[in-house]
Structures are given as C-alpha cells and as structure tokens.
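Residues 79 to 480, numbered by my numbering, are exactly what the sequence shown covers, in order.
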Amino acid sequence: MLELPIELLGRRVPGVTDSELRWRHVFSVEDFPWLGDYRIRNQIVIPPAMFCIIALAAAMDISNGEKVASIELSEATIGRPFVLETSSVKIETLFSISKLKFEMDSIHAEFRLDSSVAQCQNTFTVAQGNLHVTFVDQHKPPNHANFSSRPPKSYELRSVNINHFYNSLSEVGVSYNGQFRALASAERRMDYACAVVATTTDEAQRVSTLLHPTRLEACFQMLLLAFAAPLDGSLWTTFTPTKIGRLALFPKACAGINTPTSVTINAYLREYIAGYDAALPMINGDVNVYSSDNVQLQLRLERLTMTPITPSTARLDKLLYLKRIWQQDILSGAVLEQNYYISRSERLGLSRAHMYILAATRLISHRYAKLRILQVGTSSIDLVQALCQELGDFMRSYTGYR
C-alpha cells in the first residue's frame with residue numbers, strides 16, 4: 079500500500095460539509111529541513127512539487143483505505159514561487175476539495191491550495207485544478223495502458239555530467255542541494271533526456287519516496303535537461319512549472335516503494351514557444367517515471383508547462399550578428415578576381431588551380447563558419463601561406479602533417 083505523506087497534508091478541518099473537505103497545516107523550514115535545499119535567487123521557496131504532492135496525499139486520504147488504481151490531477155495551474163523570508167517563519171496552507179462526486183469506482187472533485195504566512199491576512203492561491211481517483215475493480219481486467227513498461231533505451235545518447243547540469247541551473251538562479259540534487263546519472267540528446275534517481279535510506283524512512291517533493295522535482299529538472307544541454311547557453315533564466323495537463327500516479331506499480339530503490343525518468347520536450355513582447359516563453363513536454371526493478375510505469379506527467387518567473391529583458395538577448403555579408407553561392411563554383419594578369423606559370427595551370435582552391439575555400443568557410451577541415455596529403459608551402467592569408471581571422475589554426 080502506498081503510504082500517505084500526512085505530514086505534508088496536515089489535518090482535516092472539522093465541521094465541513096461532505097461536498098467540501100479541507101486540510102490545514104502550519105509548518106516552517108525548521109520542521110522540514112530539506113526545504114532549505116531548494117532556493118531561487120538565493121531565497122528559500124516552497125518547491126512547486128510540494129503543491130502537487132499535497133493534492134495527491136489528499137486524494138489518498140478521501141479514498142478511505144480502498145484499493146486505488148490511479149490518482150490524476152488534471153488542468154492544474156501552479157502560481158509563482160512562494161518565498162520564505164527566514165527559516166523560522168511559519169507557513170499556513172489550506173487545501174480544499176469541492177464539488178465532490180462519488181461514483182461506484184471513482185471520485186471526481188476540484189481542488190485548491192491557498193497559502194500564507196501564519197497569522198497574516200494576505201492569502202495566495204498557489205495551486206488549483208481537478209482531481210480524479212479511480213478504484214481497483216475486481217470484476218474488470220486492468221487497463222494495461224496505465225501500467226506500460228519502460229520503452230527500450232534510445233540510441234545516440236550522450237552522457238551528462240551531473241555536476242555541470244546542476245551548476246548550469248545555479249547560473250540562472252535555481253539552487254538544488256541535498257535531496258533535491260536527486261539525479262544519480264543522466265543521458266540526453268536533442269529534445270530528450272533520461273536519468274536514474276537513487277533513493278537514500280533516510281529519504282525512504284521519512285515519507286513514501288515517490289510522493290516526496292524531491293522525487294517529483296526531479297521530473298521538472300528532467301524537462302529542463304531535455305530542453306538544454308548543461309552550460310550550452312540555451313537555458314538563460316529560471317523556469318518553474320506553471321501548468322500540468324495531467325499528472326497520473328499508479329499506486330499498484332509502486333509496490334515496495336517504501337524500501338530503498340531507484341527509478342528511471344524519461345523526459346520528452348514537445349514544444350518550445352519563444353517569448354514575444356509581454357508573453358513569456360514556454361517549455362512543454364511529457365515525463366514518465368519507471369521503477370528500475372520491474373520497469374513499470376509509476377508516474378506520468380503530460381503537457382507539463384514551465385515558464386520563467388520574470389519576463390526576459392534586452393540584457394538577456396543574444397546578439398546574433400553585427401552585419402550581413404553576402405558571398406557568391408558555393409554551388410555557383412569558384413569565382414576568381416576579374417582582370418587578373420595570367421603569368422607563364424598560370425598558363426601551365428599550376429597557380430590557376432591554386433586560385434580556384436583559395437576561392438572555393440573562401441566560399442566554404444563563409445557558408446560553414448564552424449567547419450573543421452582535415453587535410454589529407456601534402457600541399458605546397460606557397461598554397462598554405464596563401465590559404466592562411468585568404469581566410470585571415472576566420473581560421474583559428476592550421477596543423478600540417480607529413
């Protein structure tokens with residue numbers, strides 16, 4: 079049975095109707111020291127993953143011990159990061175479930191999570207969406223689509239240096255430490271990344287590891303890894319999750335999760351929308367979590383959207399080029415200078431051939447500025463010197479081999 083992280087949800091508020099339920103919780107970073115390991119721009123914030131975990135915990139609570147096949151959060155929106163001024167400040171959360179609809183094998187409801195500094199009148203809605211719980215029906219065969227196995231490993235993956243990855247996130251303002259530095263190993267290619275997340279013994283003893291915010295936060299990290307390779311400059315600002323089309327948890331596939339184990343996370347970048355004027359750029363993708371033991375699907379995130387916490391400024395823009403320079407199309411052939419005096423040696427064809435080589439090299443270097451050329455064979459010293467003069471600053475280095 080998947081354990082319920084009641085220490086994150088809080089206690090149910092008495093005196094609420096059957097169609098509306100509420101849970102209240104007051105806590106601080108001192109109660110959960112691992113919260114201090116997640117910072118944005120050097121400020122402690124409540125991780126967005128924690129909002130989703132509270133909703134999943136409430137769904138388990140209203141199940142009243144029934145065997146749950148799946149828990150889904152749909153059309154969920156997540157607000158801006160909630161900043162904690164100091165580690166001792168008390169945070170109050172009020173999680174509400176309304177429009178409860180009980181059916182034979184499922185529960186439908188809407189949820190909302192409000193948060194505020196304790197004893198403060200200003201309350202903020204930090205998350206809201208729909209909740210759906212499906213119970214195990216002994217008379218119906220299970221839906222195998224919900225328990226699909228991990229697909230074969232993709233080819234052409236490049237190993238990722240985990241330290242470089244977390245350092246690249248730190249450079250844009252997101253600091254992960256402790257349990258939030260969850261990735262043990264990772265690989266990626268364009269628009270795809272996979273990683274192994276190891277579970278520590280201490281983490282497993284605290285709460286159910288799949289329902290721990292650090293585990294879900296690793297899913298958000300993976301979408302960023304699918305979007306940009308570490309330190310390649312593609313990730314220029316702090317991205318946080320703002321929308322989740324569907325989050326599905328399959329407790330049956332999490333059997334034995336309370337013992338130390340590891341999971342494999344696959345992330346797929348589906349869409350990147352660049353920002354324009356007041357609109358923020360968006361990263362959209364899907365993330366799947368599989369058990370490393372039985373390779374069964376445990377958690378699925380669909381249409382996960384991440385956006386920057388602040389609009390981009392002109393200071394963050396990349397200067398693509400200073401001016402436009404046109405050259406003859408390389409497919410037109412080498413173009414020589416006009417009115418060039420043809421000497422006796424050129425009439426023999428030697429120097430004329432060199433000029434064609436230089437002209438072609440000039441066009442190729444203009445079209446493919448980052449091209450690396452390996453010379454096979456030997457060339458005359460005059461040709462090499464002329465080539466270096468022709469390319470000038472466009473050529474980084476030349477190494478000759480005999």
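All C-beta atoms in this analysis are idealised placements derived from N, C-alpha and C, irrespective of residue type, glycine included.
Query, Result
"Measuring straight from C-alpha to C-alpha, what distance separates residue 84 and residue 231?", "36 Å"
"With DSSP as the reference, please indicate the residues paired to residue 353 in a beta bridge.", "The partner list for residue 353 (beta bridge, DSSP) is empty, contrary to what the question assumes."
"Counting pairs of beta carbons, one from the region 178–197 and one from the region 228–242, are three or more of them closer than 8 Å?", "no"
"Counting pairs of Cβ atoms below 8 Å between the region 160–169 and the region 85–102, do you hit three or more?", "no"
"To the nearest whole angstrom, what separates the beta carbons of residue 139 and residue 87, a pair I think is in contact under 8 Å?", "7 Å"
"Looking only at its own chain, which residues have a Cβ that is under 6 Å from the Cβ of residue 176, when we skip the five neighbours before and after it?", "98, 188"
"Given a cut-off of 8 Å on the beta-carbon distance, is the pair residue 318 and residue 250 in contact?", "no"
"Look up residue 255 in the DSSP assignment and say whether it is helix, strand or coil.", "coil"
"Does residue 171 come out as helix, strand or coil in the three-state DSSP assignment?", "strand"
"Could you give the first and the last residue of the continuous beta strand (DSSP E) run that contains residue 206?", "202–213"
"Strictly by DSSP, which residues pair up with residue 319?", "384"
"Among 458, 433, 293, which has the Cα closest to the Cα of residue 112?", "293"
"What number of angstroms, rounded off, separates the C-alpha of residue 460 from the C-alpha of residue 436?", "12 Å"
"May I have the straight-line CA-CA distance separating residue 368 from residue 118, to the nearest angstrom?", "28 Å"
"I need the straight-line Cα distance from residue 132 to residue 324, nearest angstrom please.", "16 Å"
"Can you tell me which of 462, 260, 120, 362 puts its alpha carbon nearest to the alpha carbon of residue 556?", "Only positions 79 to 480 of the chain appear in this structure, which leaves residue 556 out of reach."
"Would you list the one or two residues that DSSP bridges to residue 148?", "212"
"How many Å lie between residue 370 and residue 257 at the Cα?", "19 Å"
"Check whether the Cβ atoms of residue 320 and residue 388 lie closer than 8 Å to each other.", "no"
"At which residues does the beta strand (DSSP E) containing residue 186 begin and terminate?", "184–195"
"Got a sec, what are the start and stop residues for the alpha helix (DSSP H) residue 294 sits in?", "291–305"
"Compare the C-alpha of residue 238 against each of 170, 262, 469, 312 and name the closest.", "262"
"If you reduce the DSSP assignment to three classes, tell me which class residue 328 lands in.", "coil"
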